[in-house]
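Novice:
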Amino acid sequence: MDADGVIDSYVHDVARRLPRDRRNDVAYELRALLADDVRSRAEADGRAPDEALALDVVRGFGRPAETAARYHRPFAILQPSDTWTFVVAALAGGALAGLLSSPPPGEAGAPGAAAGAAQRSSTATLAWLGVLVLLFAAKNLVLRRRPEAFAWRPRPVRDRNAASRAGNAAIAAVLAAYLVLYLAPGPVVAAVTGGRVAAADLRYTDSFTGDLRMPWLVVPLVVLIALQLAVVVAGRWRPGLRWARILVTICTATQFGWHAKYGAVFENPDAERAGLWVAAWTAGVLMVLAGVELYREYTRVDPAPEPERHRDHVAA
Amino acid sequence: MDAALPKLEAELRRGVVVLAVLSRLRTPQYGYSLRQALDAGGMPIEEGTLYPLLRRLETQGVLESSWRTDASSPRRYYRLSPAGERLYGELRETWRRQVDVLDKLLD
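Put into structure tokens, the structure is as follows:
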């Protein structure tokens, strides 16, 4: 290829990325400019223009896509400033798709259940990513035409350490009531319904009340109640309490998930069916809550000087 | 700290590139001759930056251009438009005020 061939190739790769109404004119000018550059460089070097010299000149311009972007700001589906939001939304949607695609309670061990769940989850995640790409593209299209759109607006910053003593006492009471219900569902429901539901209908199976299943949910529930009471006493959420709550919530969700997966909780088939759905949904909701709290901890802002730099500043 | 110097110098230069280009376009110039003129004046600008900048300034109405095809190769000549001349005068005054302010700050 000779020098003109290199220039034509480069100009073509730049111009085809430009809007139709401008590309021919830019191509014509760019080719003339590059030819001038190559010719003058060749004269300065005392040689004839050749492929190597032309390549050197056009590579000095940058990649064709970069050069085209200097002539015409390209449309970006995702701006660098949107990357964090996109990644968080994609991960959250993917996690939710995974939860919602789980096999129905009691069928986790069925043949093909895991593969079916994986396929549903993958499809839902890909669909969600597609929706996200379209949403961000639409946003950037609007911003390109109306830069003042989506302007930032101030909103009050909540004190996430603040804790209502009454509210947390109420949560502790609800958890305690749930613990009692969990330990003895039959007698509790029979008493609450005035005997309309027989205690025997909510009797646990022997395998569930064994050492390896039912008691393991009691532990995180008790710890959750203790954490709520600690907040009632302190009047605020402290870092240790917040992290402990997240970890214990994940443990609790895991226990509920195991109950739903392995089944054989109630002797009565109707109670079993309803109980496993409740366990599965409780596991999912608790996992989402834990995820939200984890995100809040990760993005937490507590304005304070960085200790090292603060010392330097004071010393200076 | 030394590594930051080239980047900061490039940022400083970036802010005055437009003014330097406008200063050379009171008489018609085509891309390559303009680059040489800037180079000779101590303000070298990469061709990949300069040529798209000329097109942008023309789109904004600051420059006007015309093709001359009488030479051995066709060339597009740029010069300040009437609006560009007014803009250049204002930018030049702004620049001189900025230099005065900075001189006082730096002394």
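Residue numbers (the working numbering), protein chains in the order written: chain X, 1 to 316; chain H, 1001 to 1107. Backbone N, C-alpha and C define an ideal beta-carbon position, used for all residues, glycine too.
1) The region 1056–1078 of chain H: which residues have C-beta closer than 7 Å to a C-beta of chain X, in chain order?
2) If we ignore side chains and look at the alpha-carbon of each, how far apart do Trp237(X) and Arg144(X) end up?
3) May I ask which residues mark the beginning and end of the beta strand (DSSP E) holding Ser369(X)?
4) Can you list the residues of chain H that Thr83(X) reaches, using a CB-CB cut of under 9 Å?
5) Give the DSSP bridge partners of Leu1063(H), in chain order.
6) Which chain X residues sit within Cβ distance under 9 Å of Glu1047(H)?
7) If we ignore side chains and look at the alpha-carbon of each, how far apart do Arg245(X) and Arg63(X) end up?
8) Hey, how far is the Cα of Glu1090(H) from the Cα of Ala1040(H)?
9) Comparing alpha-carbon positions, which option in Glu1011(H), Asp1070(H), Arg1055(H) lies nearest Tyr1078(H)?
10) Can you tell me the Cα-Cα spacing of Gly60(X) and Ala48(X), whole angstroms?
11) Helix, strand or coil for Asp73(X) per DSSP?
12) Locate the alpha helix (DSSP H) running through Trp152(X), then write down its first and last residues.
13) Could you pull the DSSP bridge partners for Ala162(X) from this structure?
14) Please tell me whether Leu18(X) has its Cβ less than 8 Å away from any Cβ of chain H.
15) Could you check where the alpha helix (DSSP H) with Met287(X) kicks off and where it finishes?
16) Give the interface partners of Val11(X) over in chain H, defined as CB-CB distance under 9 Å, in chain order.
17) Pick from Leu1005(H), Arg1092(H), Glu1064(H), Ser1033(H): whose alpha carbon is nearest that of Arg39(X)?
18) Does chain X have any CB closer than 8 Å to the CB of Pro1052(H)?
19) At a CB distance below 9 Å, what residues from the region 1020–1032 of chain H approach chain X? Give them in sequence order.
20) Give the secondary structure of Ala316(X) by DSSP, where H, G and I count as helix, E and B as strand, and everything else as coil.
21) Do you know offhand how far Gly240(X)'s Cα is from Gln228(X)'s?
22) From this set, Met287(X), Ala35(X), Asp21(X), which residue's C-alpha is nearest Ile7(X)'s C-alpha?
23) To the nearest angstrom, how far is the alpha carbon of Ala316(X) from that of Leu1106(H)?
24) Mind listing the chain H neighbours of Arg165(X)? Cutoff is C-beta to C-beta under 8 Å, in chain order.
25) Between Val232(X) and the rest of its own chain, which residues show a CB-CB distance below 6 Å, the 5 nearest in sequence each way excluded?
26) Are the C-beta of Leu30(X) and some C-beta of chain H separated by less than 8 Å?
27) For chain H, find out if any of its Cβ atoms is closer than 8 Å to the Cβ of Arg70(X); answer yes or no.
Specialist: Taking the definition as stated:
1) The residues in question are Ser1073, Pro1074, Arg1075, Arg1076.
2) Rounded to whole angstroms, Trp237(X) and Arg144(X) show a C-alpha spacing of 43 Å.
3) Because chain X is modelled from 1 through 316, residue 369(X) falls outside the range shown and cannot be assessed.
4) Here the premise fails: no neighbours, minimum Cβ distance about 22 Å.
5) DSSP lists Leu1080(H) as partners of Leu1063(H).
6) Within 9 Å Cβ-Cβ: Leu33, Leu34, Asp37, Val57, Gly60, Phe61.
7) Rounded to the nearest whole angstrom, the C-alpha separation of Arg245(X) and Arg63(X) is 52 Å.
8) If I take the Cα positions, the gap works out to 25 Å.
9) The residue from Glu1011(H), Asp1070(H), Arg1055(H) with its alpha-carbon nearest to that of Tyr1078(H) is Arg1055(H).
10) In this model, Gly60(X) and Ala48(X) are separated by some 19 Å (Cα to Cα).
11) Note on residue identity: the sequence assigns Arg, not Asp, to residue 73(X). Assigned with DSSP and collapsed to three states, Arg73(X) falls in coil, not helix or strand.
12) Annotation: Trp152(X) is outside any alpha helix (DSSP H) and is labelled neither H nor E by DSSP.
13) In the DSSP output, where bridge partners are listed per residue, Ala162(X) has Arg236(X).
14) No, no contact with chain H.
15) Run containing Met287(X): 269–298, per the alpha helix (DSSP H) assignment.
16) Neighbours of Val11(X) on chain H: none; closest Cβ ~12 Å, over 9 Å.
17) In this structure, Ser1033(H) is the residue among Leu1005(H), Arg1092(H), Glu1064(H), Ser1033(H) with its C-alpha nearest to the C-alpha of Arg39(X).
18) Interface residue, yes.
19) Within the region 1020–1032 of chain H, the residues whose Cβ lies closer than 9 Å to any Cβ of chain X are, in chain order, Tyr1030, Gly1031, Tyr1032.
20) In this prediction, Ala316(X) has a pLDDT of 49, which is less than 50 and means its spatial position is unreliable; what the coordinates show is noted afterwards. For Ala316(X), the secondary structure class from DSSP, reduced to helix, strand or coil, is coil.
21) Cα to Cα, the separation comes out at about 13 Å.
22) With respect to the C-alpha of Ile7(X), the residue from Met287(X), Ala35(X), Asp21(X) having the closest C-alpha is Ala35(X).
23) Any reading at Ala316(X) is ruled out, since the residue's pLDDT is 49, under 50, leaving its predicted position unreliable.
24) Within chain H, no residue comes near Arg165(X); the closest Cβ sits about 52 Å away, beyond 8 Å.
25) For Val232(X), same chain residues with a beta-carbon under 6 Å away, outside a window of 5 residues either side, are Arg165, Asn168, Ala169 in chain order.
26) Leu30(X) counts as touching chain H.
27) With 8 Å as the cut-off, Arg70(X) counts as an interface residue toward chain H.
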